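*Asks:* With positions in the sequence shown counted from 1, the corresponding number in this note's numbering is that position plus 316.
Beta carbons are placed, not taken as given, at the ideal position from N, Cα and C, and that holds for glycine.
Please read these numbers as outputs of a predicted model, since none were measured by experiment.
What follows is a structure written as structure tokens; I'll ask about it next.
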Amino acid sequence: MNFEALVKHISTIQSTLQAQAAHAVNLALTARNWLMGCYIVEFEQNGEDRAAYGEQLLKKLEQRLNVKGLNERRFREFRRLYLVYPQLKEPVAQYIVSQSQIRHTLSAEFIEPIRRMPSAELDDAKRWMIPADRLFNRLTYSNLMLISTIDNPVKRAFYEMETIRGCWSYKELERQINSLYYERSGLSRNKEALSALVQQQAAPLQPKDVINTPVTLEFLGLNDRALVTESDLEQSILDNLQRFLLEMGHGFCFEARQKRILIDGDYFFADLVFYHRILKCHVIVELKIDKFRHEYASQLNLYLNYFKAEVMQPDDNPPVGILLCTEKGDTMVKYATAGLDPNIFVQKYMVQLPSEEEIKRFISKGTQE
Numbered sequence: 317m318n319f320e321a322l323v324k325h326i327s328t329i330q331s332t333l334q335a336q337a338a339h340a341v342n343l344a345l346t347a348r349n350w351l352m353g354c355y356i357v358e359f360e361q362n363g364e365d366r367a368a369y370g371e372q373l374l375k376k377l378e379q380r381l382n383v384k385g386l387n388e389r390r391f392r393e394f395r396r397l398y399l400v401y402p403q404l405k406e407p408v409a410q411y412i413v414s415q416s417q418i419r420h421t422l423s424a425e426f427i428e429p430i431r432r433m434p435s436a437e438l439d440d441a442k443r444w445m446i447p448a449d450r451l452f453n454r455l456t457y458s459n460l461m462l463i464s465t466i467d468n469p470v471k472r473a474f475y476e477m478e479t480i481r482g483c484w485s486y487k488e489l490e491r492q493i494n495s496l497y498y499e500r501s502g503l504s505r506n507k508e509a510l511s512a513l514v515q516q517q518a519a520p521l522q523p524k525d526v527i528n529t530p531v532t533l534e535f536l537g538l539n540d541r542a543l544v545t546e547s548d549l550e551q552s553i554l555d556n557l558q559r560f561l562l563e564m565g566h567g568f569c570f571e572a573r574q575k576r577i578l579i580d581g582d583y584f585f586a587d588l589v590f591y592h593r594i595l596k597c598h599v600i601v602e603l604k605i606d607k608f609r610h611e612y613a614s615q616l617n618l619y620l621n622y623f624k625a626e627v628m629q630p631d632d633n634p635p636v637g638i639l640l641c642t643e644k645g646d647t648m649v650k651y652a653t654a655g656l657d658p659n660i661f662v663q664k665y666m667v668q669l670p671s672e673e674e675i676k677r678f679i680s681k682g683t684q685e
């Protein structure tokens with residue numbers, strides 16, 4: 317073995333086992349969420365005290381469990397997954413049986429609702445549907461969740477097939493749905509050529525795409541910060557900016573860093589969130605490590621509108637947004653913020669660099685070594 321062979325072996329081991337780990341986590345996640353959906357539907361239909369909870373069942377369940385990631389919205393997703401994909405009964409049951417530790421932990425009372433379910437028999441008219449074992453083993457939970465929102469079963473099967481063929485990530489699948497790929501395929505005379513072109517241009521799924529999603533991180537109990545990737549420069553500036561505002565006093569109360577905001581199934585992150593006791597309003601600070609762009613103002617405006625609708629209390633004043641950029645053009649800022657929330661402020665910050673004398677000493681020292 318030479319060095320190049322060693323590098324190749326290490327690289328192959330890393331990529332292969334990383335993909336296997338991501339796949340194992342995803343199977344467990346899909347099985348868990350489908351089973352929870354099964355139990356919820358079973359209770360709604362046959363629970364002895366179901367009438368006492370009614371429409372508040374999922375909310376009460378969230379409050380009673382008090383587990384991060386298991387909330388009313390997630391429970392609705394799990395229930396929908398079960399109702400849309402009852403045929404996953406067999407692969408989920410097989411998965412549980414194949415995992416000895418899970419099988420020994422879950423008693424018969426947990427398995428009984430699955431056994432009582434009738435097997436999903438496909439009639440001749442539905443033989444074209446994707447087999448359940450392929451759905452379970454080849455689609456990530458995030459993709460299943462997204463596809464389950466599609467009402468048309470033919471359209472669902474189309475995206476299932478194309479996602480499996482192209483090994484699409486959640487973002488890629490979402491992009492194809494939003495670009496009306498199914499509808500375009502229906503209009504295309506050469507569907508295979510269109511499919512080949514789409515697959516050629518699509519971004520393939522990577523192991524990090526499976527792990528680095530909000531629902532998977534919640535499942536694994538990881539911190540929200542793992543969702544956000546920042547450069548060392550941005551991290552350093554945020555550290556110092558946070559310290560500066562806190563030391564400045566005058567009513568600034570720190571609330572959150574990388575505040576996660578969920579809107580229509582998409583996650584956004586506000587860099588820093590403060591509450592000002594004197595002004596009685598939230599202050600949202602967004603930091604960009606490049607020059608001002610018009611979309612940055614729109615993003616901050618989105619956060620302000622969210623806080624007005626979801627966070628602001630009756631006796632609060634409207635939130636204030638501060639956007640910090642390395643460079644800004646006054647005309648661009650004027651046009652980009654016209655018509656937006658008047659409480660958006662765009663400022664320029666400077667990164668402190670070493671002095672010229674320090675740079676000279678550094679160069680001089682380097683030439684002497």
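For residue 482, which residues in the same chain have their Cβ closer than 6 Å to its Cβ, ignoring the five residues on either side in sequence?
*Replies:* By one-based count along the sequence shown, residue 482 stands at place 166. Taken in chain order, the residues that qualify are 515 and 518.
*Asks:* Answer with buried or exposed for residue 512, where buried requires no fewer than 16 other C-beta atoms within 10 angstroms of its C-beta.
*Replies:* Looking up residue 512 in the sequence shown gives position 196. Residue 512 is exposed by the Cβ-count criterion.
*Asks:* Could you give the DSSP three-state label for residue 483: helix, strand or coil?
*Replies:* Here residue 483 is taken as the residue at index 167 of the sequence shown, counted from 1. If DSSP states are grouped into helix, strand and coil, residue 483 belongs with coil.
*Asks:* Which residue or residues does DSSP assign as beta-bridge partners of residue 588?
*Replies:* Taking the first residue of the sequence shown as position 1, residue 588 is located at position 272. In DSSP, residue 588 forms a bridge with 573 and 601.
*Asks:* Which first and last residues belong to the beta strand (DSSP E) in which residue 353 is found?
*Replies:* Against the sequence shown, residue 353 aligns to sequence position 37. Unbroken run through residue 353 is the alpha helix (DSSP H), 319 to 362; no beta strand (DSSP E).
*Asks:* Between which two residues does the beta strand (DSSP E) carrying residue 638 extend?
*Replies:* Counting from 1 along the sequence shown, the entry for residue 638 is found at position 322. 636 to 641 is the extent of the beta strand (DSSP E) around residue 638.
*Asks:* Would you decide whether residue 638 is buried or exposed? Buried here means 16 or more other CB atoms lie within 10 Å of its CB.
*Replies:* To locate residue 638, count along the sequence shown from 1; it is residue 322. Residue 638 is buried by the Cβ-count criterion.
*Asks:* State buried or exposed for residue 340, treating a residue as buried only when at least 16 other CB atoms are found within 10 Å of its CB.
*Replies:* Position 24 of the sequence shown, counting from 1, holds the residue named residue 340. With fewer than 16 Cβ atoms within 10 Å of its Cβ, residue 340 is classed as exposed.
*Asks:* From the DSSP output, in three-state form, read off residue 383 for me.
*Replies:* Indexing the sequence shown from 1 puts residue 383 at position 67. Residue 383 falls in the coil class under three-state DSSP.
*Asks:* Go to residue 461, then tell me how far its alpha helix (DSSP H) extends in each direction, as first and last residue.
*Replies:* For the purposes of this step, residue 461 is taken as residue 145 along the sequence shown, with counting starting at 1. Per DSSP, residue 461 belongs to the alpha helix (DSSP H) from 457 to 463.
*Asks:* State the Cα-Cα distance for the pair residue 600 and residue 573, rounded to the nearest angstrom.
*Replies:* Walking along the sequence shown from the start, residue 600 turns up at place 284. Walking along the sequence shown from the start, residue 573 turns up at place 257. If I take the Cα positions, the gap works out to 10 Å.
*Asks:* Quick one: is residue 683 buried, meaning 16 or more other Cβ sit within 10 Å of its Cβ, or exposed?
*Replies:* On the sequence shown, residue 683 is found 367 positions in, with the first residue counted as 1. Any reading at residue 683 needs caution, since the residue's pLDDT is 48, under 50, leaving its predicted position unreliable; the model's value is listed next. Exposed, since its Cβ has fewer than 16 Cβ neighbours within 10 Å.
*Asks:* Under 7 Å Cβ to Cβ from residue 652, same chain only, skipping five residues before and after it: list those, please.
*Replies:* As a first step, residue 652 is located in the sequence shown; it is residue number 336 there, counting from the start. Result list for residue 652: 610 and 613, in chain order.
*Asks:* Rounded to whole angstroms, what's the CA-CA distance from residue 659 to residue 636? Just pull it up for me.
*Replies:* Taking the first residue of the sequence shown as position 1, residue 659 is located at position 343. Taking the first residue of the sequence shown as position 1, residue 636 is located at position 320. Roughly 5 Å separates the two Cα atoms.
*Asks:* Quick one: grab the DSSP three-state call for residue 447.
*Replies:* Within the sequence shown, the letter at position 131 stands for residue 447. Residue 447: coil per DSSP, three-state reduction.
*Asks:* What number of angstroms, rounded off, separates the C-alpha of residue 418 from the C-alpha of residue 344?
*Replies:* Here residue 418 is taken as the residue at index 102 of the sequence shown, counted from 1. Here residue 344 is taken as the residue at index 28 of the sequence shown, counted from 1. Spanning the two alpha carbons is a distance of roughly 10 Å.
*Asks:* When you compare only the Cα positions, how much space is there between residue 457 and residue 578?
*Replies:* Numbered from its first residue, the sequence shown carries residue 457 at position 141. Numbered from its first residue, the sequence shown carries residue 578 at position 262. Spanning the two alpha carbons is a distance of roughly 18 Å.
*Asks:* So the alpha helix (DSSP H) residue 516 belongs to, where does it begin and stop?
*Replies:* Numbered from 1 along the sequence shown, position 200 holds the residue referred to as residue 516. Looking at the DSSP string, the run of the alpha helix (DSSP H) that includes residue 516 is 507 to 517.
*Asks:* If we ignore side chains and look at the alpha-carbon of each, how far apart do residue 369 and residue 325 end up?
*Replies:* Reading the sequence shown from its first residue, position 53 is the one you call residue 369. Reading the sequence shown from its first residue, position 9 is the one you call residue 325. Roughly 57 Å between the two C-alpha positions.
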